[in-house]
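Colleague:
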Amino acid sequence: MKVLVVTDYGTPTGGAEIQSLRIRDLLRERGHEALMFSSNARPVDVEIASDVTCLGTQGPARRFLQAANPWAAAGLRRVIRTFRPDVVHLRMFLTQLSPLILRELADTPTLLHVVNYQLICPLNTKLLPDGTPCRYLAGAVCQTTGCVSLAGRARFALQRRMWVAWADSVDMIVANSGWTAARLTADGVRVESSVIYGIPSLGPRPPLAAIPTVAFVGRLFRKKGVHLLLRAIPIVRTVVPELRVRIVGAGPERDALQQLVRELKLEDVVTMHGFVKRDEIPTVLGDAWLQVVPSVYEEPFGVVTIEAMMRGTALIATNSGGPSEVVREGETGFLVPSGDVSALAAAIIRVLSDRGLAERLGANAYAIARQEYTEPLSIERMLALYETTIERFDRNRIPGGETERARARSAMR
466 MKVLVVTDYG
476 TPTGGAEIQS
486 LRIRDLLRER
496 GHEALMFSSN
506 ARPVDVEIAS
516 DVTCLGTQGP
526 ARRFLQAANP
536 WAAAGLRRVI
546 RTFRPDVVHL
556 RMFLTQLSPL
566 ILRELADTPT
576 LLHVVNYQLI
586 CPLNTKLLPD
596 GTPCRYLAGA
606 VCQTTGCVSL
616 AGRARFALQR
626 RMWVAWADSV
636 DMIVANSGWT
646 AARLTADGVR
656 VESSVIYGIP
666 SLGPRPPLAA
676 IPTVAFVGRL
686 FRKKGVHLLL
696 RAIPIVRTVV
706 PELRVRIVGA
716 GPERDALQQL
726 VRELKLEDVV
736 TMHGFVKRDE
746 IPTVLGDAWL
756 QVVPSVYEEP
766 FGVVTIEAMM
776 RGTALIATNS
786 GGPSEVVREG
796 ETGFLVPSGD
806 VSALAAAIIR
816 VLSDRGLAER
826 LGANAYAIAR
836 QEYTEPLSIE
846 RMLALYETTI
856 ERFDRNRIPG
866 GETERARARS
876 AMR
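Residues in the sequence shown are numbered from 466 upward in steps of one, following the numbering used here.
1. What would DSSP say about Arg556, mapped onto helix, strand or coil?
2. DSSP three-state label for Asp565, please.
3. Once you ignore the five residues that flank Ser760 on each side, which residues in its own chain have a CB closer than 6 Å to its CB?
4. Among the residues of its own chain, which have a CB less than 7 Å from the CB of Asp859, if the five just before and after it don't count?
5. Please work out which residues of its chain come closer than 7 Å, Cβ to Cβ, to Ile488, disregarding the five sequence neighbours upstream and downstream, and give them in chain order.
6. If you drop the 5 nearest sequence neighbours on each side, which residues of the same chain put their C-beta closer than 7 Å to that of Arg743?
7. For Arg878, does the count of other Cβ atoms within 10 angstroms reach 16, so buried, or fall short, so exposed?
8. So which of Leu520, Gly739 and Leu695 has the shortest CA-CA distance to Arg727?
9. With distances taken Cα to Cα, identify the nearest neighbour of Leu826 among His497, Thr575, Ala603 and Ala773.
10. Here's the rule I'm using: 16 or more other beta-carbon atoms within 10 Å means buried, otherwise exposed. How should Lys591 be labelled?
11. Within 10 Å of its beta-carbon, does Gly475 have 16 or more other beta-carbons around it, so buried, or fewer, so exposed?
12. Just to confirm, are Ala830 and Leu780 a CB contact at a threshold of 8 Å?
13. Have a look at Glu718 and Pro594 and give me their C-alpha separation to the nearest angstrom.
14. Can you give the Cα-Cα distance for Val580 and Thr645, rounded to whole angstroms?
15. Using 10 angstroms around the beta-carbon of Gln836, count the other beta-carbons present and answer buried if the total reaches 16, otherwise exposed.
16. In the DSSP assignment, what residue or residues form a beta bridge with Glu794?
17. At which residues does the beta strand (DSSP E) containing Gln756 begin and terminate?
18. Can you tell me whether Ile781 is helix, strand or coil according to DSSP?
19. Just mark Asp752 as buried or exposed, buried being the case when its beta carbon has 16 or more other beta carbons within 10 Å.
20. Which whole runs of the beta strand (DSSP E) in the region 729–770 are 3 residues long or more, in chain order?
21. So, helix, strand or coil for Ile863, using DSSP?
22. I'd like the list of long-range same chain contacts for Tyr838, defined as Cβ closer than 8 Å, with 5 residues on each side in sequence excluded.
23. Can you tell me whether DSSP reads Lys591 as helix, strand or coil?
24. Just to check my reading of the structure: Ile566 and Ala538 have Cβ atoms closer than 8 Å, yes? What is that Cβ distance to the nearest angstrom?
25. Report the option in Gly739, Ser563 and Gly804 whose CA atom is closest to the CA atom of Arg626.
26. Under 8 Å Cβ to Cβ from Arg670, same chain only, skipping five residues before and after it: list those, please.
27. Would you list the residues sitting across from Pro598 in a DSSP beta bridge?
28. Identify which residue in Arg655, Leu842 and Ala651 has its Cα closest to the Cα of Val635.
29. Using DSSP's beta-bridge definition, name the partner residues of His692.
30. What are the start and end residues of the alpha helix (DSSP H) that includes Leu822?
31. Is DSSP giving Leu500 helix, strand or coil here?
32. CB Tyr762 to CB Leu576, shorter than 8 Å?
33. Would you please state the rounded distance, in angstroms, between the beta carbons of Val758 and Pro788? I believe it to be under 8 Å.
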């Protein structure tokens, strides 16, 4: 099978981006032909790993490109013409590639794999300025609530209009979690199923660190809640004074978080490792007692949760979003209310005060990860979805080999 993976970024800088690259690589390992098409934008200074790129940017011009990127549309058209994929696996496209690429997919079976809220939220968080979950349908309310400016609202409206115009270029829509599927369906995007990611299997974990250690992995955005973790640490230290915290990740909140570390006088407690390559994370965090996922928004999935489980690490996560579907209360970790620093501190104390508990939770997490979240299992599910996507596309063909979508596309042009 020939598969073209299409996504905004071709860099291994976040869970969704890493998964896109792994899907391509796993397909190749199984003997399939696979290419990745992305923009050439780099959110952090790491090498682009996609096969074909188009113009992208992290600068101010991005606000225009994400509304309509003609370089992305032209580049994708060329790749489809030369590679002739059996199926396109479309992932993220609203930050760099733009909905303009959708019209280039009309003649190719296409699976849209939704991994975030960009189709239904201009901020991609479904979070209001006061920190509460947003339950509004996107529109004028996005401006009246103070989430976006008039220009931001107009840009999102343009994206939505193009999505509506060319949505039938997509044959099937799936999501990365049941939570994401439910949120999008509630906002009018029909998601048929969810596909849980797979991750590389690891051997048994090393012994826990001699000193109780807390880990965080993720992009350093405000929505990831690292500031809440840091504010919980002084409370935890009243019971576990010797604890240490390791933070892995890069992002725009780094300077603010470093300042917060200084304000809380945690310089000797917190180590900020910056960006760490995925295959090096087990070396940096393998002996951590627990990993915290303190997101203040409803995390669509949070691949870091299953990566921690595969390392045999106990988990504490907020009780909403994708992580709440993964963490098993009292079996692999604990769930706490989003934004509740006291509850977060109490859960951390509970684990760090009992080495045996940390070991049991981690062992349970490891066993479940090895059973449910492996890459072979995940890619088998993906291949089955590709077959369904192709079959659905073929059912839409009419005499002469042209498709209804292609005819509609020709009429629009």
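Ideal placement from N, C-alpha and C gives every residue a C-beta, glycine not left out.
Modeller: With the given structure in hand:
1. coil
2. Looking at the sequence shown, residue 565 is not Asp but Leu. Looking at Leu565 - three-state DSSP - the assignment turns out to be helix.
3. Lys689, Gly690 and Thr783
4. none
5. Val470, His554 and Met847
6. Pro477 and Ile483
7. Low local confidence applies: a pLDDT of 41 at Arg878 is under 50, so the model's placement there is unreliable, with the coordinate-based value given in what follows. When all chains shown are included, Arg878 counts as exposed.
8. Leu695
9. Ala773
10. buried
11. buried
12. yes
13. 17 Å
14. 7 Å
15. exposed
16. Gly798
17. Leu755 to Val758
18. strand
19. buried
20. 735–739 and 755–758
21. Residue placement at Ile863 cannot be trusted, given a pLDDT of 46 that sits under 50; the coordinates are not used to answer.
22. Ile661, Tyr662, Gly663, Ile664, Ile771, Met774 and Met775
23. coil
24. 5 Å
25. Ser563
26. Gly751, Asp752, Arg776, Gly777, Thr778, Gly827 and Tyr831
27. Leu592
28. Arg655
29. Partner(s): none; His692 has no beta bridge.
30. Arg820 to Glu837
31. strand
32. no
33. 5 Å
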